[in-house]
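Accompanying notes for the structure given below.
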Amino acid sequence: GPSADCEARFLYKNSAISILNVHCGHWDKPKRIKYKSEMEGIQSKSNVVESLPEVGIAIFGLGRIGTIHLDNLRRNPRVNILYCVEESSERVNYVRNKWKLFEPETTFLKPSEQDKVFKDKRIDAVLICTPTFTHEEICLKSLESGKAVFCEKPLALDDDGIERCLEAAKKYKRPLLCAFNRRFDPGLRSVKDRIESGEIGQVQVIKTCSRDSPKPSVDYLKISGGIFHDCAVHDIDYICWILGEYPCSVSSFAHAHYDDIKELGDHDTVCIIMKFPSGKLATVDLSRCAVYGYDQRVEVFGNNGMLTCGEQRPTGVRCHNGKGATSVPIFFSFASRYQESYAIEMEHFLSVVQGLEECNVKGESILAVSKIASACEESVREGKVIPLKWDCQNGF
């Protein structure tokens, strides 16, 4: 049987995506029964997936995140990539040659030709990986034409735009997933599961640290929507998702240490404090640039203990010698640190499109996170605590 303190990873049949991570201290009879049940469920789902038709996909945007999703989809037997929409001829040529995507199987379009996607009944789902200011229009047109939508955050430039997208998803009864990928990271997901199991008792404080690497380009920052809606939303979403509630007040402090970021009217360093109706407290430590790598940490403190999810590294090997102990550096950027979460996130979206799973990211939480980020911005401008009121604590 499995040995103590082991990690078992299982794969979907005919898929390179790991979908289950079992961390066990000891395997008693109940755990063996649960293990067997999980494996039977995986095999059953695998058989269902194989019997379903391929999902026709159109990808809008072939930048950093677009090519990450493209790479996962290209190796996925559930998918048929029918369209890629991109303005840059250089990017198109790079993608076409690297992933061997050629017509007539895959058609490359300019944004001015995007209506071909919406009119094509073979398209089941659209991925939106374009600049923020284009999200709402593509999202609405996709939903109106009966396509499921996977959209990088934020859905729109403001809360009104987000509400329009959510209403369209309800009206046309199509799935809409906003890409809060940290929910799908195995380590971060494990923290949530262990909190819910009662392992550390009643949660009192949660802290996150998120520091970018490398420092984003000015061209990207100009269209990013600002540090709160571009970066902080990931931490805000994760914290609310873990705690199962939204904050009743927020207080934020921010500063721009880099002149190019200051000239944009944005910030590169942020601290956020949130208080929740239950009395729980949360802090977010955010930076646009950490020279030592992509720094991502979580600490959750409860009355019976503490959970941490520390810096992730490509390998866990450490060298101990006369000079001390050394290990490999932490992951350099988001693409490598969250590689597994992006794959699992996309696998989940495909299952939602095929009717096998319910969407893990609810519309209520998408809008709530945007409102909280806006309140953080207001706190910085006004220099005060911003109270928040909610009609209900839904979306988890």
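Numbering (full-length UniProt numbering), first residue to last: 1 to 396.
C-beta: ideal position from N, C-alpha, C; glycine also.
Among residues of its own chain, excluding the 5 on either side of residue i, which ones have a beta-carbon nearer than 7 Å to its beta-carbon?
{"i": "A168", "result": "L140, L143, E144"}
{"i": "F184", "result": "S341, I344, E345, H348"}
{"i": "D219", "result": "none"}
{"i": "K153", "result": "C178, A179, F180, V233"}
{"i": "residue 399", "result": "Any property of residue 399 remains undetermined from this structure, which presents the chain solely from 1 to 396."}
{"i": "Y172", "result": "L143, E144, G146"}
{"i": "A375", "result": "V250, I386, L388"}
Determine the direct distance from the alpha carbon of residue j to that of residue i, and round the result to whole angstroms.
{"i": "R164", "j": "V95", "result": "32 Å"}
{"i": "K389", "j": "D124", "result": "37 Å"}
{"i": "V270", "j": "D285", "result": "6 Å"}
{"i": "T315", "j": "I206", "result": "27 Å"}
{"i": "E113", "j": "P77", "result": "27 Å"}
{"i": "K384", "j": "S249", "result": "10 Å"}
{"i": "G293", "j": "G355", "result": "39 Å"}
{"i": "V298", "j": "E105", "result": "43 Å"}
{"i": "V79", "j": "S51", "result": "13 Å"}
{"i": "S336", "j": "G244", "result": "28 Å"}
{"i": "R189", "j": "C309", "result": "10 Å"}
{"i": "G146", "j": "R194", "result": "38 Å"}
{"i": "Q204", "j": "S278", "result": "9 Å"}
{"i": "Y238", "j": "Y246", "result": "11 Å"}
{"i": "V352", "j": "K275", "result": "33 Å"}
{"i": "D391", "j": "G324", "result": "55 Å"}
{"i": "V55", "j": "Y83", "result": "12 Å"}
{"i": "K192", "j": "D115", "result": "41 Å"}
{"i": "E357", "j": "G161", "result": "27 Å"}
{"i": "V126", "j": "P387", "result": "37 Å"}
{"i": "K262", "j": "K119", "result": "44 Å"}
{"i": "N97", "j": "G66", "result": "16 Å"}
{"i": "I81", "j": "I59", "result": "8 Å"}
{"i": "H135", "j": "C151", "result": "7 Å"}
{"i": "H69", "j": "V49", "result": "20 Å"}
{"i": "Q393", "j": "T107", "result": "43 Å"}
{"i": "S252", "j": "K371", "result": "14 Å"}
{"i": "P131", "j": "E196", "result": "36 Å"}
{"i": "L109", "j": "C129", "result": "15 Å"}
{"i": "G187", "j": "V361", "result": "18 Å"}
{"i": "C359", "j": "R174", "result": "11 Å"}
Where do the ends of the alpha helix (DSSP H) carrying residue i lie?
{"i": "K116", "result": "115-119"}
{"i": "K371", "result": "363-382"}
{"i": "V95", "result": "89-98"}
{"i": "C139", "result": "135-144"}
{"i": "T283", "result": "Unbroken run through T283 is the beta strand (DSSP E), 281-287; no alpha helix (DSSP H)."}
{"i": "E163", "result": "159-172"}
{"i": "residue 420", "result": "Any question about residue 420 goes unanswered here, given that the chain covers just 1 to 396."}
{"i": "G187", "result": "186-196"}
{"i": "L73", "result": "64-74"}
{"i": "K207", "result": "Here K207 belongs to no alpha helix (DSSP H); instead the beta strand (DSSP E) covers 203-211."}
{"i": "R337", "result": "334-337"}
{"i": "D295", "result": "Taken as a continuous stretch (DSSP letters only), D295 belongs to no alpha helix (DSSP H), being part of the beta strand (DSSP E) at 295-302."}
Going by other Cβ atoms of all chains shown within 10 Å of its Cβ, with 16 needed for buried, is residue i buried or exposed?
{"i": "R381", "result": "exposed"}
{"i": "A148", "result": "buried"}
{"i": "R64", "result": "exposed"}
{"i": "K280", "result": "buried"}
{"i": "F102", "result": "exposed"}
{"i": "D212", "result": "buried"}
{"i": "F322", "result": "For the record, residue 322 in the displayed sequence is Gly; it is not Phe. So G322 ends up on the exposed side."}
{"i": "S217", "result": "exposed"}
{"i": "E377", "result": "buried"}
{"i": "V369", "result": "buried"}
{"i": "R122", "result": "exposed"}
{"i": "S88", "result": "exposed"}
{"i": "V328", "result": "exposed"}
{"i": "V317", "result": "exposed"}
Which same chain residues end up closer than 8 Å to residue i when comparing Cβ atoms and leaving out the 5 residues on each side of it in sequence?
{"i": "F133", "result": "L157, I223"}
{"i": "A373", "result": "F228, H229, A232, V233, I236"}
{"i": "L166", "result": "L155, L176, G363, I366, L367"}
{"i": "R91", "result": "L62, G63"}
{"i": "V291", "result": "S213"}
{"i": "F332", "result": "S213, P214, G293, Y294"}
{"i": "D159", "result": "L367, S370, K371, S374"}
For residue i, which residues of its own chain have a beta-carbon under 6 Å away from its beta-carbon, when the five flanking residues on both sides are left out?
{"i": "T326", "result": "C319"}
{"i": "I330", "result": "G293, E311, R313"}
{"i": "R74", "result": "W99"}
{"i": "E86", "result": "L62, V92"}
{"i": "T283", "result": "K207, I273"}
{"i": "C240", "result": "Y246"}
Would you mind reading off the limits of the beta strand (DSSP E) that contains residue i?
{"i": "D391", "result": "First-last for D391: undefined, no H or E at that position."}
{"i": "S327", "result": "324-327"}
{"i": "L258", "result": "One detail in the question is off: residue 258 reads as Tyr in this sequence, not Leu. Y258 -> no beta strand (DSSP E), and no H or E assigned at all."}
{"i": "H320", "result": "318-321"}
For the ligand HEM, I want to know if residue i counts as a neighbour, meaning its beta carbon is within less than 7 Å of at least one of the ligand's heavy atoms.
{"i": "T308", "result": "With respect to small molecules bound, the structure shown includes none, and the ligand HEM cannot be examined in it."}
*Are there three or more Cβ pairs, one per stretch, closer than 8 Å when the stretch 266-280 is compared with the stretch 242-258?*
Under the three-pair Cβ rule at 8 Å, the stretch 266-280 counts as touching the stretch 242-258.
*asked:* Between the stretch 190-207 and the stretch 296-305, can you find at least three pairs of beta-carbon atoms closer than 8 Å?
replied: Touching, yes.
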